[in-house]
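Per the UniProt record's numbering, numbering of the sequence shown is gapless, rising by one per residue and ending at 60.
Just below is one structure, and these are the notes that go with it.
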Amino acid sequence: MTSSYYKGAGGITYTFVVEFACESGRDYYVKHDPVHLSFVKMVGNIVEKAQVIDFVPGKF
Numbered sequence: 001m002t003s004s005y006y007k008g009a010g011g012i013t014y015t016f017v018v019e020f021a022c023e024s025g026r027d028y029y030v031k032h033d034p035v036h037l038s039f040v041k042m043v044g045n046i047v048e049k050a051q052v053i054d055f056v057p058g059k060f
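Below, the structure is given as structure tokens:
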């Protein structure tokens, strides 16, 4: 549950962080991983809003 002082979460209440060793690992996960694709399909009718943010640690 969000507890942000700034109330800027835009209705998003949960966050999942997934780390990859390399871009090709991320690309496989997003485009080909059967477990991830099944999860996306399953929650597609349940989740009202989703937001994806990619970042590289130490680069802002």
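Where a beta carbon is used, it is the ideal one built from N, C-alpha and C, also for glycine.
Only a predicted model underlies this, so the values are computations on that prediction, with no experimental measurement involved.
Measure the C-alpha to C-alpha separation of residue i and residue j and round it to an integer number of angstroms.
| i | j | result |
| --- | --- | --- |
| Val40 | Val47 | 10 Å |
| Thr15 | Lys31 | 20 Å |
| Val18 | Val56 | 12 Å |
| Val43 | Ile53 | 18 Å |
| Tyr51 | His36 | With the sequence shown as reference, residue 51 is identified as Gln, and Tyr is not the correct amino acid for it. Each residue's Cα considered, the two are about 16 Å apart. |
| Phe60 | Ala9 | 20 Å |
| Ala21 | Pro34 | 19 Å |
| Tyr29 | Gly58 | 23 Å |
| Asn45 | Glu23 | 28 Å |
Cβ of residue i less than 8 Å from any chain B Cβ?
| i | result |
| --- | --- |
| Val40 | No chain B appears in the structure shown, which is made up of a single protein chain. |
Look at the Cβ atom of residue i, then the Cβ atom of residue j, and state whether they are nearer than 8 Å.
| i | j | result |
| --- | --- | --- |
| Gly25 | Lys49 | no |
Any alpha helix (DSSP H) of 4 or more consecutive residues that is wholly inside the region 8 to 60: For the region 8 to 60, the full-length alpha helix (DSSP H) segments reaching 4 residues or more read 23 to 31 and 34 to 43 along the chain.
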